[in-house]
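*Asks:* Shown below is the structure under consideration.
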Amino acid sequence: MNFWETITGSDLTREWKAFDVRAAALPDDYRAAWGQIQTHLLPHANFTGRNLMPILDSALGLLEETAAEGQSVHEVLGDDIPGFCAALAGGEGARTYRDRWREQLNKNVARKLNRLGG
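Residue numbers (this note's numbering): 1 to 118.
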């Protein structure tokens, strides 16, 4: 990845398109699970989403392997896809982008209040 790709995000676009191609080859129930995995993992992304790319790649790889083996998606992921995604993102209570933004906002407000009071 070169500097220009990092700045423009073209590398991420290329990876997302590759994910879409790979997911299109999955059976219908696996594609539905892939959509849910994306939905539940995206709140754990940083500003660019680069931190999730290896996690999403591994999750899609798991779906591809188990689909090839003929297992059902429920055997692989169970009924708790949000719980599966929380475990992938770092466990229950893993920080989301909202948590990071809230923390930054609180720091900024505290800094401003300290300047006014001090």
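Quick reminder that beta carbons are idealized off the backbone N, C-alpha and C, glycines included.
Which full runs of the alpha helix (DSSP H) of 4+ residues lie inside the stretch 31-83, going along the chain?
*Replies:* Taking only runs of at least 4 residues, the alpha helix (DSSP H) segments lying wholly in the stretch 31-83 are 53-68, 73-77.
*Asks:* So what's Gly90 in DSSP terms, helix, strand or just coil?
*Replies:* Coil, per DSSP.
*Asks:* By Cβ distance below 7 angstroms, which residues in the same chain neighbour Gly9 in space, the five residues on each side in sequence not counted?
*Replies:* Excluding sequence neighbours, Gly9 sits near Thr48.
*Asks:* By Cβ distance below 7 angstroms, which residues in the same chain neighbour Leu119 in space, the five residues on each side in sequence not counted?
*Replies:* A query on residue 119 cannot be resolved here, the shown segment of the chain reaching from 1 to 118 and no further.
*Asks:* Any contact of the stretch 26-41 with the stretch 67-75, i.e. 3+ C-beta pairs under 8 angstroms?
*Replies:* Output reads yes: the stretch 67-75 touches the stretch 26-41.
*Asks:* Would you mind working out which of Thr13, Gln71, Cys85 sits nearest Arg50, comparing C-alpha positions?
*Replies:* When each option's Cα is compared against that of Arg50, the closest is Thr13.
*Asks:* Since I believe Ala89 is in contact with His44 (beta carbons under 8 angstroms), could you give me their beta-carbon distance rounded to a whole number of angstroms?
*Replies:* The pair is a contact, with the Cβ atoms about 4 angstroms apart (cut-off 8 angstroms).
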